[in-house]
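> One structure follows; several queries about it will come next.
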Amino acid sequence: MKTYAEIAEQLRMPFPPGTVKVSNDGKRGHIPVQVYMSRLEEVAESQWHWRIIGDPVFNFEKYFVVVKGEITLVDAIRQGIGIAKITKNETTSIKNALMTAESEAFRDACDKFKMGWYDLAQYRDWSSNPGIMQSNDVPPFTESIVIEGFDPNVHSVMPSEGRSCIKCKKPLSQNEELLLSINGIKFAYCKEHVPQQLVKNRTEI
Ligand SMILES: [Zn+2]
1 MKTYAEIAEQ LRMPFPPGTV KVSNDGKRGH IPVQVYMSRL EEVAESQWHW RIIGDPVFNF
61 EKYFVVVKGE ITLVDAIRQG IGIAKITKNE TTSIKNALMT AESEAFRDAC DKFKMGWYDL
121 AQYRDWSSNP GIMQSNDVPP FTESIVIEGF DPNVHSVMPS EGRSCIKCKK PLSQNEELLL
181 SINGIKFAYC KEHVPQQLVK NRTEI
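In full-length UniProt numbering, the protein residues as written are 1 to 205.
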């Protein structure tokens with residue numbers, strides 16, 4: 001088992017070039033949720049856990065939803081908050097907004113662990129503040145698995161409670177949940193027991 005300090009150091013390593021998605025005006029950048037998730041899975045393996053805190057808060061007057069969640073990493077907990085606009089008062093739109101808010105909450109919690117700070121520094125006002133970054137030595141980036149085909153607007157980050165494979169009862173990893181989510185598979189299967197005919201989108205897990 002790694003210590004929190006070891007994990008945190010590896011989580012904060014820069015991502016491969018091209019990871020940051022930049023807005024059209026070039027002023028804002030963000031890191032896709034699946035990149036954070038892959039890094040956590042790769043570095044922290046079973047030593048991390050994401051959960052949603054309480055129920056989502058809907059505001060149907062102003063058309064938004066707020067989701068709160070937290071990442072536990074060894075013995076450290078960081079919370080994140082995500083807000084998303086509900087475009088129309090219909091089920092699909094509400095569901096999409098809910099999943100976007102959940103993804104944003106997850107991203108926010110990752111940010112609190114300082115993940116992606118090297119990569120996002122040029123898009124942030126505080127990057128010129130020498131007190132924020134501990135040093136200018138940027139460690140070499142490590143290759144990270146990027147899960148293709150994951151759209152946080154469509155797919156939920158992951159269920160709030162850990163599930164176990166319905167065949168072997170093994171607890172599912174976050175990536176296994178992601179594989180199920182991408183393929184729209186409702187039942188909990190581990191990667192060994194997922195019926196192959198249901199898997200249309202193969203991802204690195
Ligand atoms: Zn299984």
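The beta carbon of each residue, even a glycine, is placed where N, CA and C say it ideally should be.
Nothing here was measured: the structure is a model prediction, and the numbers come from that model.
Short of 6 angstroms in beta carbon distance, which residues of its chain neighbour VAL57, apart from the five on each side in sequence? Order them along the chain.
Here the set comprises VAL66.
> Between CYS110 and ligand 1, is there a pair consisting of the residue's CB and a ligand heavy atom that are separated by less than 7 angstroms?
No, since every heavy atom of ligand 1 falls outside the 7 angstroms radius drawn around the Cβ of CYS110.
> With DSSP as the reference, label LEU172 as helix, strand or coil.
In this structure, LEU172 counts as coil in the three-state DSSP scheme.
> Tell me which residues share the same chain as LEU120 and place their Cβ nearer than 6 angstroms to its Cβ, disregarding the 5 neighbours each side in the sequence.
So the list reads GLY29, once near-sequence residues are dropped.
> Any chance you could list the beta strand (DSSP E) runs of at least 3 consecutive residues sitting entirely within the segment 61-114, in chain order?
Correct list: 64-73 and 76-85.
> Would you list the one or two residues that DSSP bridges to LYS21?
For LYS21, which the question treats as bridged, DSSP gives the partners HIS30.
> How many whole angstroms separate the CB atoms of ASP108 and GLY82, which I take to be in contact at a CB cut-off of 8 angstroms?
Correct: roughly 6 angstroms between the Cβ atoms.
> Would the beta-carbon of GLU177 be found less than 7 angstroms away from any heavy atom of ligand 1?
No.
> Among ASN183, MET13, ALA101 and GLY184, which residue has its Cα nearest to the Cα of ARG42?
A small fix is needed here, since residue 42 is Glu in this sequence, not Arg. Residue MET13 is the option with its Cα nearest to GLU42.
> According to DSSP, which residues form a beta bridge with HIS49?
Note: HIS49 sits in a beta bridge opposite THR72.
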